[in-house]
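Here is the structure we will look at, set down as structure tokens.
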Ligand code: AP5
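In the working numbering, the protein residues as written are 20 to 240.
Structure, rendered in structure tokens:
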């Protein structure tokens, strides 16, 4: 979890690669659907372009369908979902039905100034969704994706006014979910202002600790 531009996608990709589990980014799924102009994509684009959230019931059925795919059987990392209290509770119901649970919630804390600076410099690959930053994480070849070689693009919702809306939506709709996870005791805050590698190391420490606690619990059972 974290505000726009906090590094969720960047870190979720690295954690997924390290642990060999899929990264499920609801933003990427919706953008891909919007590019393909599917019914879901066209509906989602009308919310995304304004910086607003896509309705909870749409997100929950999208997540439920994705989590039933076979690559999720050994675990998964969620990027950008859940992001409202209703989605958080819905996710719990979805996981309970499958005898699963959320092991750890990581919150990336960053300043608003950092958000604006990062998002104006962000570039994404329209084919594989790889993320770059003209300042902190540039591609090897200027303007081109390292993996696909296609020209990188600026995201439509990274315009300053839309970023402002996304930040206020985050405060109104996502902070209550953060408080909820905090009250349950499985939320770990990480300073997202540090370098990509430092943030990654901090997240992995929390994941390793949560894993050790889970293994001890299973052992005692
Ligand atoms: P989504 O794509 O999830 O957007 P977001 O939450 O606003 O987050 P971002 O993708 O902008 O940022 P990020 O935190 O992933 O940062 P990144 O790693 O790219 O959602 C988009 C829209 O889809 C929503 O507004 C909504 O409409 C809809 N949607 C999606 N999920 C939904 C849901 N569950 N419910 C309802 N609607 C939903 O990093 C940003 C930049 O900074 C990059 O250039 C990166 O290279 C750089 N960077 C990253 N970390 C660092 C670092 N430590 N130091 C320096 N640079 C860094």
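Quick reminder that beta carbons are idealized off the backbone N, C-alpha and C, glycines included.
Sequence-distant residues of the same chain with beta carbon closer than 6 angstroms to residue i, five excluded per side
i, result
"residue 59", "52"
"residue 101", "107, 110"
"residue 25", "127, 129, 211"
"residue 145", "172"
"residue 158", "151, 165"
"residue 184", "70"
Cβ-heavy atom distance, residue i to the ligand AP5, below 7 angstroms
i, result
"residue 170", "no"
"residue 5", "Only positions 20 to 240 of the chain appear in the structure, and residue 5 is not among them; the question remains open."
"residue 199", "no"
"residue 35", "no"
"residue 78", "yes"
"residue 137", "yes"
"residue 114", "no"
"residue 141", "yes"
"residue 150", "yes"
"residue 224", "no"
"residue 3", "As displayed, the chain neither begins before 20 nor continues past 240, which places residue 3 out of reach and without an answer."
"residue 156", "yes"
"residue 218", "yes"
"residue 57", "no"
"residue 213", "yes"
"residue 72", "yes"
"residue 61", "no"
Residue environment, residue i, which counts as buried when at least 16 other CB atoms sit within 10 Å
i, result
"residue 231", "exposed"
"residue 173", "exposed"
"residue 78", "buried"
"residue 56", "exposed"
"residue 93", "exposed"
"residue 89", "exposed"
"residue 97", "buried"
"residue 193", "buried"
"residue 131", "exposed"
"residue 49", "buried"
"residue 31", "buried"
"residue 234", "exposed"
"residue 143", "buried"
"residue 117", "exposed"
Residue i and residue j closer than 8 angstroms at C-beta
i, j, result
"residue 81", "residue 113", "no"
"residue 75", "residue 103", "yes"
"residue 141", "residue 152", "yes"
"residue 189", "residue 22", "yes"
"residue 226", "residue 156", "no"
"residue 68", "residue 176", "yes"
"residue 42", "residue 35", "yes"
"residue 150", "residue 29", "yes"
"residue 181", "residue 99", "no"
Spatial neighbours of residue i in its chain, beta-carbon cut-off 8 angstroms, leaving aside the 5 residues before and after
i, result
"residue 147", "164, 166, 167"
"residue 197", "20, 126, 206"
"residue 179", "135, 139"
"residue 209", "125, 126, 127, 128, 218, 221, 222, 225"
Cβ-based neighbour list, residue i, same chain, cut-off 7 angstroms, excluding 5 preceding and 5 following
i, result
"residue 229", "122, 123"
"residue 40", "93, 94, 95, 96"
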